[in-house]
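Okay, structure first, notes after.
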Amino acid sequence: MRNVDRTVDRNVDPFELPRSMQAVETSRADVPDDTADPVFAQGHGLSLEAGTSCLQPG
2 MRNVDRTVDR NVDPFELPRS MQAVETSRAD VPDDTADPVF AQGHGLSLEA
52 GTSCLQPG
């Protein structure tokens, strides 16, 4: 499977994923991305440059 249109593929998290319920409870509700030590930070994800493939032919 190839990126035939030569664009950049990006799949990133639109928000952070907190590590625990305690991290959620101690964060400020009015401040985005405020948890301490998240499992995945906002913007974490996969980015493929134009013309690359994430699947190798088998």
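Take the sequence shown: its position 6, counting from 1, is numbered 7 in our numbering, and each next residue is one higher. Ideal placement from N, C-alpha and C gives every residue a C-beta, glycine not left out.
From Asp34 to Val25, what does the alpha carbon distance come to, in whole angstroms? 10 Å
Please return the same chain residues whose Cβ sits closer than 8 Å to the Cβ of Ser21, not counting the five positions on each side in sequence. none
Terminal residues of the continuous alpha helix (DSSP H) containing Val25? Met22 to Thr27
Using the C-alpha atoms, what's the distance from Thr27 back to His45? 22 Å
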